[in-house]
Amino acid sequence: MFNVMLKKWVGKGELDYERYLHTDTLLALQSPEGELVSHDELMFQIVHQSQELYLKLASREMVEVVAEMDRDALWAVVARLARVQKIIAGISAEMAILETMTPSEYQVIRRSLGNGSGQESPGYNTLRHAADGLESAMERMLARRGLTLFQVYSAGGPKDLQHVCEQLVTVDESFQGWLYAHYQLVRRTIGIDRTVKALDGLPSQVLQARMTLPLFRALWDVRVELTAGWKREGGYAPGEARTGGGCPMAAINAMNDSAMHAPVAQAQSAGGPAQHAPAPHLHHAPMAHAQHASAAHAQHPTTAHAHEPRVGGGCPMHAQHAPVAHASAAHAQPAPAHVMAAHAQPAPAHVVAAHAQPAPAHVAAHAPHAPVPHAPVAHGPHAPVAHGPHAPVAHGPHAPVAHGPHAPVAHAPTPHGPHAHSHAAHASAYAHAQELRRLP
Numbered sequence: 064m065f066n067v068m069l070k071k072w073v074g075k076g077e078l079d080y081e082r083y084l085h086t087d088t089l090l091a092l093q094s095p096e097g098e099l100v101s102h103d104e105l106m107f108q109i110v111h112q113s114q115e116l117y118l119k120l121a122s123r124e125m126v127e128v129v130a131e132m133d134r135d136a137l138w139a140v141v142a143r144l145a146r147v148q149k150i151i152a153g154i155s156a157e158m159a160i161l162e163t164m165t166p167s168e169y170q171v172i173r174r175s176l177g178n179g180s181g182q183e184s185p186g187y188n189t190l191r192h193a194a195d196g197l198e199s200a201m202e203r204m205l206a207r208r209g210l211t212l213f214q215v216y217s218a219g220g221p222k223d224l225q226h227v228c229e230q231l232v233t234v235d236e237s238f239q240g241w242l243y244a245h246y247q248l249v250r251r252t253i254g255i256d257r258t259v260k261a262l263d264g265l266p267s268q269v270l271q272a273r274m275t276l277p278l279f280r281a282l283w284d285v286r287v288e289l290t291a292g293w294k295r296e297g298g299y300a301p302g303e304a305r306t307g308g309g310c311p312m313a314a315i316n317a318m319n320d321s322a323m324h325a326p327v328a329q330a331q332s333a334g335g336p337a338q339h340a341p342a343p344h345l346h347h348a349p350m351a352h353a354q355h356a357s358a359a360h361a362q363h364p365t366t367a368h369a370h371e372p373r374v375g376g377g378c379p380m381h382a383q384h385a386p387v388a389h390a391s392a393a394h395a396q397p398a399p400a401h402v403m404a405a406h407a408q409p410a411p412a413h414v415v416a417a418h419a420q421p422a423p424a425h426v427a428a429h430a431p432h433a434p435v436p437h438a439p440v441a442h443g444p445h446a447p448v449a450h451g452p453h454a455p456v457a458h459g460p461h462a463p464v465a466h467g468p469h470a471p472v473a474h475a476p477t478p479h480g481p482h483a484h485s486h487a488a489h490a491s492a493y494a495h496a497q498e499l500r501r502l503p
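Residues in the sequence shown are numbered from 64 upward in steps of one, following my numbering.
What follows is the structure, given as structure tokens:
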């Protein structure tokens with residue numbers, strides 16, 4: 064065939080792909096089209112030939128496992144046994160292809176098979192021989208540890224050896240699953256009965272015992288030994304209250320949760336309400352007062368909330384929008400009592416002094432966020448905060464407030480005089496909220 068993309072002829076055995084895989088030989092191993100006794104015979108041959116190849120591969124991998132087990136390379140052993148299991152599972156799945164063949168079609172093919180039997184398969188026999196060597200390697204591994212299989216599987220047994228042994232059981236189970244798939248194929252094509260003779264002359268009924276013949280008998284016998292020593296005493300009756308127990312993993316997870324929440328609890332008990340750390344500021348542009356106040360008094364530039372149980376991570380998009388959402392939530396709730404009191408009477412000395420030093424945690428967390436229905440109070444370049452019609456409170460120029468790593472920014476003096484609760488204040492607050500939503 065001429066490959067248009069390669070502009071080369073494919074199928075002559077001259078290309079690198081064909082040379083490497085010996086495709087000229089491989090594709091000539093099936094009966095020619097003119098010699099097929101049934102349309103299904105090509106399928107029958109290809110499936111069995113591919114199974115021989117995969118059994119060869121599985122046997123080779125088992126030999127490698129023996130060498131790795133003898134030098135106690137258990138990680139490599141587990142990985143290679145997983146590959147063996149997948150190979151055997153693959154050939155087991157291939158049996159379903161043969162199940163598309165009807166009994167009448169197989170009866171035609173069967174006349175040309177001679178006395179052939181699955182027991183004559185080189186792949187099957189080689190795999191069983193490799194499994195014998197693998198079982199011997201397992202016994203040598205146990206002897207080096209001075210353990211029996213019963214001790215390995217008993218409570219408190221070594222987990223690494225348990226894992227290796229369980230991988231061997233998985234391989235063995237897949238192997239028996241392949242034999243069962245073959246048994247079902249025979250059952251649906253020629254039937255299982257003592258009167259039905261296979262091509263080797265044996266009744267098809269013998270397949271029932273053959274398909275449960277394990278590769279590693281000792282690994283199955285230890286289950287019987289463990290169950291023989293089992294006692295019913297010590298459990299709970301169905302419906303009985305269970306006390307004094309609990310899943311060990313649940314206890315471990317609970318300790319891990321406590322360890323994770325402990326720093327947060329200590330921070331909250333030491334510093335009062337959790338502070339909201341800001342997103343990093345590039346410039347002192349007019350931004351939400353909630354964001355700016357947090358930036359002025361936060362000690363660590365992080366976007367996570369101190370009261371949240373997850374530390375050190377979090378969705379970047381959530382961190383980006385968290386200050387905006389927090390500002391909106393703060394403006395939607397009533398102002399704290401100490402803020403209302405501050406606006407209802409002349410500012411006491413400690414309020415003026417508070418502007419000259421970093422604000423406490425509760426002020427950083429609440430005071431700048433809460434809206435009050437008062438006229439604007441200008442804070443430098445920030446949005447106004449409304450003041451009600453109370454008596455004027457004289458505020459001198461505030462002392463500079465340190466903004467983390469930024470240079471001090473001096474706040475403008477607070478304007479004087481009573482201001483009415485007007486529609487303009489609502490409009491300004493609404494425009495301010497819209498601006499927050501447009502911030503990156």
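Each residue gets a CB set at the ideal place from its N, CA and C atoms; glycine is no exception.
Residue span of the alpha helix (DSSP H) that contains residue i, given as start and end
{"i": "residue 146", "result": "137-161"}
{"i": "residue 109", "result": "104-133"}
{"i": "residue 204", "result": "185-208"}
{"i": "residue 228", "result": "222-252"}
{"i": "residue 284", "result": "280-291"}
{"i": "residue 167", "result": "166-173"}
{"i": "residue 215", "result": "212-216"}
{"i": "residue 82", "result": "79-84"}
{"i": "residue 272", "result": "270-273"}
Straight-line Cα distance separating residue j from residue i
{"i": "residue 108", "j": "residue 142", "result": "32 Å"}
{"i": "residue 260", "j": "residue 224", "result": "44 Å"}
{"i": "residue 267", "j": "residue 211", "result": "38 Å"}
{"i": "residue 301", "j": "residue 316", "result": "27 Å"}
{"i": "residue 64", "j": "residue 72", "result": "6 Å"}
{"i": "residue 83", "j": "residue 89", "result": "11 Å"}
{"i": "residue 275", "j": "residue 233", "result": "14 Å"}
{"i": "residue 183", "j": "residue 201", "result": "28 Å"}
{"i": "residue 86", "j": "residue 124", "result": "24 Å"}
{"i": "residue 313", "j": "residue 272", "result": "44 Å"}
{"i": "residue 256", "j": "residue 237", "result": "25 Å"}
{"i": "residue 119", "j": "residue 191", "result": "11 Å"}
{"i": "residue 284", "j": "residue 277", "result": "10 Å"}
{"i": "residue 282", "j": "residue 74", "result": "49 Å"}
{"i": "residue 239", "j": "residue 306", "result": "42 Å"}
{"i": "residue 67", "j": "residue 103", "result": "32 Å"}
{"i": "residue 319", "j": "residue 235", "result": "38 Å"}
Residue burial classification, residue i (beta-carbon count within 10 angstroms, cutoff 16)
{"i": "residue 186", "result": "buried"}
{"i": "residue 132", "result": "buried"}
{"i": "residue 77", "result": "exposed"}
{"i": "residue 230", "result": "buried"}
{"i": "residue 323", "result": "exposed"}
{"i": "residue 96", "result": "exposed"}
{"i": "residue 169", "result": "buried"}
{"i": "residue 296", "result": "exposed"}
{"i": "residue 116", "result": "exposed"}
{"i": "residue 287", "result": "exposed"}
{"i": "residue 241", "result": "buried"}
{"i": "residue 215", "result": "buried"}
{"i": "residue 270", "result": "buried"}
{"i": "residue 69", "result": "exposed"}
CB contact flag (residue i, residue j, <8 Å)
{"i": "residue 206", "j": "residue 126", "result": "no"}
{"i": "residue 189", "j": "residue 113", "result": "no"}
{"i": "residue 101", "j": "residue 171", "result": "yes"}
{"i": "residue 92", "j": "residue 227", "result": "no"}
{"i": "residue 180", "j": "residue 262", "result": "yes"}
{"i": "residue 140", "j": "residue 128", "result": "yes"}
{"i": "residue 252", "j": "residue 166", "result": "yes"}
* With contact counted as at least three CB pairs below 8 Å, one residue from each stretch, are the stretch 153-171 and the stretch 246-261 in contact? -> yes
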